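First residue of the sequence shown? That's 0 in numbering that gives the first Met the number 0, and the numbers climb one at a time after it. Idealized CB from N, CA, C, for every residue including glycine. All values derive from a computational prediction rather than experimental measurement.
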Amino acid sequence: MILSHKILNYTNNKNNIMTIIILHGLFGNKNSLLELGYLLKQKLNYPIILLDLRNHGQSINDMDMRYSIMAYDVIETLHFLNINKKVILIGYSMGGKVAMYLTIFLKNMIHKIIILDIAPIAYIFSFKNIFLSFKKIHDMNITTKIQAYNIMKLYIMDYDMINILLNMFNNGQWEFNWFFIQQQYCNISGWNLIHPWLGKIMFLKGKQSNYIRIEYYKAIFTQFPSAIIYNINAGHFMYITHTDVVLRQILIFLEQ
């Protein structure tokens, strides 16, 4: 599958030695980390590509959301774009899992990886109430954000989460296929242990988030023995609330 994409710092220069690939999280799209992409564009002279993962944004809908399949979507898209040199992968949450899975297929092509607040483990988080709110909005043929908000607050206690989700609700439609995502949530939350990748990888951990807990460190270092874990005083949505800190740590890591 060729994924919908947005390219910053586009150039026809075949001498480019590096390309940055940015992968969004669950219920996001290629614009979710666009601000971070523009900030990186100002600092680095590399092409930057933001992708819509399957069932998100303008990419094709498909019931299969295993990480091996989503990783191969990225590979197909890189081939389509004639990118055959080193890449830097930046992945947030679900996109971080896709980035980590790409080490199986692109181990010699990856220069460095930056993971935003996700670990290579199977999670037991339940998004049941989120999916119930999506279904209620669908069943009631809701078309406006204020109507959707009034329904979602009955199911979801995290108002920041509601507002971020509503960024993806326009003209009565979600910019992701929530039904397919719900059917495949066990694959999205799950994880299959992968062979250790010895390359350079940094995990940005939100201190106020439960996505990278100390008890997950063993799984991180088993699969990524050279990993660096850096704590940011932020929650899971660090790319929104602490963009400057995330940017600074990425730049420091890339300079090392």
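Boundaries (first-last residue) of the beta strand (DSSP E) holding L192: Segment: none, L192 is in no beta strand (DSSP E) and carries neither H nor E.
How about L38 and T242: are their beta carbons less than 8 angstroms apart? yes
Output needed for F124: all residues of its chain with C-beta closer than 7 angstroms, excluding positions within five of it in sequence on either side, in chain order. For F124, where only same-chain residues beyond five positions count, the Cβ hits under 7 angstroms are S188.
Taking just the CA atoms, how far does M139 sit from Y238? 33 angstroms
Going residue by residue through the region 43-113, where are the continuous beta strand (DSSP E) segments of at least 3 residues, counting only ones entirely within it? 47-50, 85-91
Return helix, strand or coil for Y122, following the three-state DSSP convention. coil
Mapping the DSSP letters down to three states, classify Q41 as helix, strand or coil. helix
Quick one: is the Cβ of I180 within less than 7 angstroms of any heavy atom of the ligand FAD? The ligand FAD is not among the ligands present in this structure, which contains no ligands whatsoever.
What is the DSSP secondary structure of Y229, counted as helix, strand or coil? Y229: strand per DSSP, three-state reduction.
Tell me whether the beta-carbon of F175 lies closer than 8 angstroms to the beta-carbon of N54. Taking a C-beta distance under 8 angstroms as the contact criterion, F175 and N54 qualify as a contact pair.
When the Cα atoms are used, what is the spatial distance from L80 to L2? 11 angstroms
Cβ-Cβ separation, F202 to I228 (assumed contact under 8 angstroms), whole Å: 5 angstroms
Assign H137 to one of three DSSP states: helix, strand, or coil. helix
Using 8 angstroms as the threshold, is the C-beta distance between L22 and G94 below it? yes
Where do the N-terminal and C-terminal ends of the alpha helix (DSSP H) with F202 fall, by residue? Per DSSP, F202 lies in no alpha helix (DSSP H) segment; the continuous beta strand (DSSP E) that holds it begins and ends at 199-205.
Under 8 angstroms between the Cβ atoms of V97 and Y66? yes
DSSP three-state label for T18, please. strand
Please confirm whether P119 and M99 have their CB atoms less than 8 angstroms apart. yes
Meets three-Cβ-pair contact criterion under 8 angstroms: the region 166-184 and the region 141-149: yes
Let me know the secondary structure DSSP gives W177 once reduced to three states. helix
For the region 194-211 and the region 104-113, state whether three or more C-beta atom pairs, one from each stretch, are separated by less than 8 angstroms. As far as the Cβ criterion goes, the region 194-211 touches the region 104-113, which means the pair count is three or higher.
Within 10 Å of its beta-carbon, does A226 have 16 or more other beta-carbons around it, so buried, or fewer, so exposed? buried
Tell me, please, which residues DSSP counts as bridged to N169. Q172
Would you identify the three-state DSSP class for I6, choosing helix, strand or coil? strand
With burial defined as no fewer than 16 other Cβ atoms inside 10 Å of the residue's Cβ, what is the status of F220: buried or exposed? exposed
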